[in-house]
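**Q**
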DNA sequence: AACACGTGGAC
DNA sequence: TGTCCAAGTGT
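In my numbering, the protein residues as written are 147 to 439.
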């Protein structure tokens with residue numbers, strides 16, 4: 147452990163001031179709701195794909211109450227092809243909860259955020275930090291990779307987040323809340339732009355001289371193979387096809403319209419049942435199917 | 001703790 | 001072409 151907080155945070159903050167991307171949810175006029183929507187959309191999803199959808203959402207639903215007033219199916223439809231559509235459903239549920247329990251204002255309290263559907267440890271810390279300027283360890287995949295390299299000296303963090311990582315992230319947090327919040331977003335940005343998973347741009351790194359991975363000669367990852375997620379032919383792909391039919395339809399659709407998008411009937415029924423169980427598709431009394439009301 | 005959960009761009 | 005990966009959460 148070759149770290150004192152100042153030695154890493156200072157250069158990263160300076161680098162961020164000069165190289166941060168100009169993203170709308172970081173603008174001075176961004177609301178906590180805008181930040182929250184961005185954080186949910188960005189889960190496992192690249193910035194470039196989120197940008198246009200985020201703009202549509204914020205223009206259409208500028209407040210949690212505006213979204214809560216619409217059927218959840220509208221959220222699912224407007225989610226488009228971002229993937230993991232249950233996020234849209236949970237964001238709608240969160241909007242309802244915020245409207246009912248918090249008077250329509252996104253809570254700044256970490257515990258209150260954590261209690262909202264679809265918001266876990268990372269997102270609660272991110273919203274509290276980015277939207278409310280609070281001091282929290284914000285540990286996402288970018289930050290975990292940066293710390294693994296710079297501090298621990300290995301190419302990739304462990305598969306599952308460890309207590310040690312949380313402790314390390316907390317130990318690096320600047321004392322001032324406002325500075326801590328800037329460090330949180332700066333460390334993420336460094337991971338997203340410079341300390342990337344593949345082909346890191348070490349020549350552009352503000353902490354190259356303090357990087358333990360660099361000091362060790364950038365040894366390649368040595369550990370159990372990192373999970374490769376197959377997709378073609380899976381229930382996931384089948385669910386995606388099924389839901390796409392509903393998203394693109396104007397109203398309810400009959401069973402045949404769903405049947406034609408997947409040939410394996412057993413798998414198709416299983417996937418449809420799953421979508422219904424998840425609340426992403428409503429089976430109507432007349433035998434047709436629709437996005438949820 | 002491991003697994004399910006979408007989608008598409010990059011190499 | 002297939003693999004890897006992108007600001008995780010819920011079970």
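Glycine is no exception: its CB is placed at the ideal position from the N, C-alpha and C atoms. Please read all numbers here as calculations on a predicted model, not as lab measurements.
Taking residue 297 as the reference, give the member of 194, 341, 175 with the closest Cα.
**A** Here the question's residue 297 lines up with position 151 in the first chain. Residue 297 has its Cα closest to that of 341, out of 194, 341, 175.
**Q** Taking only three categories from DSSP, how would you classify residue 406?
**A** Indexing the first chain from 1 puts residue 406 at position 260. Correct three-state label for residue 406: coil.
**Q** Given residue 430, which residues of its chain have a CB within under 8 Å of its CB, disregarding the five upstream and five downstream residues?
**A** In the first chain, counting from the first residue as 1, residue 430 sits at position 284. For residue 430, where only same-chain residues beyond five positions count, the Cβ hits under 8 Å are 398, 436.
**Q** Would you mind sorting residue 364 into buried or exposed? The rule is 16 or more other CB atoms within 10 Å of its CB.
**A** Counting from one through the first chain, the residue named residue 364 turns up at place 218. The residue in question, residue 364, is exposed, as its Cβ has fewer than 16 Cβ neighbours within 10 Å.
**Q** Using the beta-carbon count (16 or more within 10 Å), is residue 112 buried or exposed?
**A** Residue 112 cannot be examined here, being either before or after the span of the chain that is shown, 147 to 439.
**Q** Can you give the Cα-Cα distance for residue 428 and residue 256, rounded to whole angstroms?
**A** Here the question's residue 428 lines up with position 282 in the first chain. Here the question's residue 256 lines up with position 110 in the first chain. Straight-line Cα distance between these residues: approximately 33 Å.
**Q** In chain order, what residues of the same chain lie with their CB nearer than 7 Å to the CB of residue 324, ignoring the 5 residues before and after it?
**A** Numbered from 1 along the first chain, position 178 holds the residue referred to as residue 324. Same-chain partners within the cutoff: 279.
**Q** Who are the Cβ neighbours of residue 184 in its own chain at under 6 Å, not counting the five residues just before and after it?
**A** Working through the first chain from its first residue, we reach residue 184 at position 38. So the list reads 171, 200, once near-sequence residues are dropped.
**Q** Among the residues of its own chain, which have a CB less than 7 Å from the CB of residue 383, if the five just before and after it don't count?
**A** Here residue 383 refers to the residue found at position 237 when the first chain is read from its first residue. Cβ within range, chain order: 377.
**Q** For the region 354-438, which segments carrying the beta strand (DSSP E) assignment without a break, of at least 3 residues, lie completely within its bounds, in sequence order?
**A** Correct list: empty.
**Q** By a C-beta neighbour count over all protein chains shown, 10 Å radius and 16 as the cutoff for buried, is residue 396 buried or exposed?
**A** Taking the first chain and counting its residues from 1, the one referred to as residue 396 is at position 250. Its Cβ having fewer than 16 others within 10 Å, residue 396 is exposed.
**Q** From this set, 292, 177, 321, which residue's C-alpha is nearest residue 205's C-alpha?
**A** The count along the first chain starts at 1 and reaches residue 205 at position 59. Of 292, 177, 321, the residue nearest in Cα terms is 177.
**Q** My guess is that residue 252 and residue 235 are in contact by the Cβ rule of under 8 Å, so how many angstroms apart are they, rounded?
**A** In the first chain, residue 252 corresponds to position 106, counting from 1. In the first chain, residue 235 corresponds to position 89, counting from 1. In fact, because the Cβ distance is near 18 Å, the residues do not count as touching under 8 Å.
**Q** What residue range does the alpha helix (DSSP H) around residue 199 cover?
**A** Within the first chain, the letter at position 53 stands for residue 199. Taken as a continuous stretch (DSSP letters only), the alpha helix (DSSP H) holding residue 199 covers 193-206.
**Q** Indicate the three-state DSSP secondary structure (helix, strand or coil) for residue 256 in the structure shown.
**A** Counting from one through the first chain, the residue named residue 256 turns up at place 110. Three-state result, residue 256: helix.
**Q** Just the C-alpha distance for residue 299 and residue 225, rounded to the nearest angstrom, thanks.
**A** Residue 299 sits at position 153 when you count from the first residue of the first chain. Residue 225 sits at position 79 when you count from the first residue of the first chain. Near 39 Å, if we compare the C-alpha coordinates of residue 225 and residue 299.
**Q** Quick one: grab the DSSP three-state call for residue 335.
**A** Indexing the first chain from 1 puts residue 335 at position 189. Looking at residue 335 - three-state DSSP - the assignment turns out to be helix.
**Q** Just to confirm before moving on: does the CB-CB distance between residue 158 and residue 359 stay below 8 Å?
**A** Counted from its first residue, the first chain places residue 158 at position 12. Counted from its first residue, the first chain places residue 359 at position 213. No. Outside cutoff.
**Q** Under three-state DSSP, which class holds residue 280?
**A** Translated into positions along the first chain, residue 280 becomes position 134. In this structure, residue 280 counts as coil in the three-state DSSP scheme.
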